[in-house]
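Accompanying notes for the structure given below.
Residue numbers (the working numbering): -2 to 143.
In structure tokens:
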């Protein structure tokens, strides 16, 4: 897929693939820590604050972008995150890039010809983290021919 994109003048990279439960735990904890410092006047929430519900808003923000460890699609090894090679590293703006336009054009033709589909259908609700335009699941090309 990277080669085909490059032939069309678009630089993409696979920035994440298989993620172990331990890796997901580290990612989840890192995001929680960063948001805790923003939401809690620069301080981390302690266990009592978490249990009391004081950290619920922060936890919900983390859950908008990260699955609970043990429940990520990345644990399967079939899910990848794609980004544009622009040096930003910011996945949240991927939906506005040339790379996204290339991957998603014509009902995701370029993703599908390599066996990938978006993780979430457009407009999906209550399926986990908010839909991520950078996340694709490999289902194989045979299944997409039908």
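Beta carbons: idealized from backbone N, C-alpha and C, even for Gly.
Keep in mind it's a predicted model, so treat the numbers as computed, not measured.
Nearest Cα to residue 52 within the set 61, 77, 87, 37: 37. In this structure residue 61 is exposed. Its beta-carbon is surrounded by fewer than 16 other beta-carbon atoms within 10 angstroms. Contiguous beta strand (DSSP E) elements confined to the region 30 to 61 do not occur, taking only those with 3 or more residues. A straight line joining the alpha-carbon of residue 33 with that of residue 87 spans about 20 Å. Taking one beta carbon from each stretch, the region 69 to 83 and the region 126 to 137 have 3 or more pairs nearer than 8 Å; the two touch.
Ranking 17, 14, 47 by CA distance to the CA of residue 30 puts 47 first. Put simply, of 7, -2, 0, 1 the residue whose alpha carbon is nearest the alpha carbon of residue 81 is 7. By the criterion of a C-beta distance shorter than 7 Å, residue 59 is surrounded in its chain by 25, 28, 29, 32, once the five residues flanking it on both sides are discounted. Residue environment for residue 17: exposed (fewer than 16 other C-beta atoms within 10 angstroms of its C-beta). According to the DSSP assignment, residue 132 belongs to no alpha helix (DSSP H) but to the beta strand (DSSP E) extending over 132 to 135.
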